[in-house]
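For the sequence shown, the residue numbers in UniProt numbering are 1 to 102.
In this text, a Cβ means the ideal position worked out from N, Cα and C, and glycines have one as well.
Below is one structure, written out as structure tokens, with a few remarks after it.
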Amino acid sequence: MVAVFGSALAEVSVDEYAVKQVFDDKPGLGWMLYLPKILTPQQTPEARVLIPVPEKGKQTGTIIVSVTDAPFSVDNPEHVAIANRIESRLVDQDLLPAYVDI
């Protein structure tokens, strides 16, 4: 899919998370976020799962999953806090692009 569409990112979340995400000018994590970067657990220790995205046998990106115990809910303060911490950590490492740069 990435090879066909050349995705710079993909967000999987509920619309209501937009007002709870940390940065207005950057993508929010919500439940899941695909970035075309290779990420490690050391870079994002708050993430529950990092799913490598391969293309032609080589990893080209990562899907970051914030929660795995239930579907992501903005009504669950722990879910929102985890997503917010991951967003902040990604920005601290210059790994979360601004919308204008995508």
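With respect to VAL65, GLU16 sits apart: the two C-beta atoms are not nearer than 8 Å. Between PRO52 and THR44 the beta-carbon gap is near 13 Å, outside 8 Å, which marks them as no contact. The C-beta distance from ALA18 to ILE102 rounds to 16 Å, too long to fall under 8 Å, and the pair is not in contact. Around VAL91, the same chain offers VAL22, PHE23 and LYS26 as residues with beta carbons nearer than 8 Å, after the five sequence neighbours per side are excluded. Bounds of the beta strand (DSSP E) holding ILE64 are 58-65. Taking LYS58 as reference, the option from PRO36, VAL67 and PRO41 with the minimal CA-CA separation is PRO36. Our two residues, HIS79 and GLU55, have alpha carbons roughly 30 Å apart in a direct line.
ALA81 is positioned such that its CB atom lies no closer than 8 Å to that of LEU29.
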